[in-house]
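Everything below concerns the one structure shown next.
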Amino acid sequence: MTQTRARILAGNWKMHLAPGEALEYFGSLDKSLASQPLNPGVRRVIFPPAYCLGADVQRAAASAKVELGAQNVHWEEKGAFTGELAAPALLNIGIRWALVGHSERRQYFGETDETAAKRFKRAATSGMNVMYCIGERLTEREAGQTYDVLTRQLTPFLGVLRELLDKPGTQWPDTELWCLAYEPVWAIGTGKTATNVEAEDAHKHIRKVVWDQLGMQVAQKISILYGGSVTPENVSGLMTQPNVDGALVGGASLKPDGFAKILSSA
Ligand code: PGA
């Protein structure tokens, strides 16, 4: 099953690094990667802050064989939405990836399952690759609600995906990549990673929900990344789980030598 799915290793810089630092970072990453064999079948993406998405940083990232993506994208093509980013404009400057529904957007900026699904729809119909984040909070896990929360978060996303796939002539995207990132909130930035078994268990549930709502073919094809305190030390164990197709890395993506190790782990 795993072989049919895209494998993706991604970094989320959040609100760290300025453009000058990003240029230095990619120079160092390129050097570190020179001595590490890279699997050509793996997509590598970094989501830096929006001011690091310009042509010079894109060029530096490309030399290090990394694509860049935006940490957010709006559901309208343009308009009076101060502080937001438009999908057509991102594509216009060469940015093909967007992160949607990250738990920090949900926690601090009022993102909901519904607004996240709307962002996904716009980005996907504009031709962008999307990494769509879901994950339960600690209180929800402790109350035994992990599966219910994941199912609830997935449902609006899968509704949009069904709409997109139902359009005549639409097949699972050849060029666009729409994937999920399971990021348990209690594991983000806490140093407390989900165990391999916990990650696999949640990913299996997510794939089952996709299967129940959209059928086997989509369930087998959708990549599900794990995120939450991924490090160079624990990434290989997570990546060997049958339903873990990649990793979304926050803190450990900020150091080029460590991130190079993660990039060469799959
Ligand atoms: P972390 O962040 O690796 O620092 O836990 C992951 C994320 O928020 O995507």
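Numbering-wise (my numbering), the sequence shown opens with residue 569 and increments by one. Glycine included, each C-beta is placed from N, C-alpha and C at the ideal position. No experiment lies behind these values; they were computed from the predicted model shown.
For Met-784, the enclosing alpha helix (DSSP H) starts and ends at 784–789. By the neighbour-count definition (other C-beta atoms within 10 Å, threshold 16), Glu-751 is a buried residue. The C-alpha of Leu-729 is placed about 13 angstroms away from the C-alpha of Glu-744. Boundaries of the alpha helix (DSSP H) around Phe-594: 587–602.
For Gly-805, the distance from the CB to the nearest heavy atom of the ligand PGA is not below 7 angstroms. By the neighbour-count definition (other C-beta atoms within 10 Å, threshold 16), Lys-646 is an exposed residue. With contacts defined as CB atoms closer than 8 angstroms, Ala-578 and Leu-816 qualify as a contacting pair. The DSSP-derived three-state label of Gly-727 is helix. Proximity of the beta carbon of Ile-756 to the ligand PGA is indicated: a heavy atom of the ligand is located closer than 7 angstroms. Taken in chain order, the whole beta strand (DSSP E) runs of length 3 or more contained in the stretch 753–821 are 792–795, 814–817. Shortest gap from the CB of Ser-600 to any heavy atom of the ligand PGA: 7 angstroms or more.
By the neighbour-count criterion, in which 16 or more other beta carbons inside 10 Å mark a residue as buried, Tyr-794 falls on the buried side. Met-583 counts as exposed, since fewer than 16 other beta carbons sit within 10 angstroms of its beta carbon. Residue pairing from DSSP places Met-699 in a beta bridge opposite Leu-667, Cys-747. At least one heavy atom of the ligand PGA is found less than 7 angstroms from the C-beta of Gly-795. Going by DSSP, Leu-577 is part of the beta strand (DSSP E) stretching over 575–580. Within its own chain, the residues whose Cβ lies closer than 8 angstroms to the Cβ of Gln-785, once the five positions on either side in sequence are excluded, are Trp-740, listed in chain order. Take the alpha-carbon of Ala-632 and the one of Val-717: they are about 37 angstroms apart. Within a 10 Å sphere around the beta-carbon of Gln-604 sit fewer than 16 other beta-carbons, which makes this residue exposed.
For a cut-off of 8 angstroms, the C-beta gap from Leu-621 to Ile-661 is around 7 angstroms, short enough to register as a contact. The three-state secondary structure of Ala-638, taken from DSSP, is strand. Under the DSSP assignment, Phe-688 falls in the alpha helix (DSSP H) whose first and last residues are 681–694. Arg-612 sits in a strand when the DSSP states are folded into three classes.
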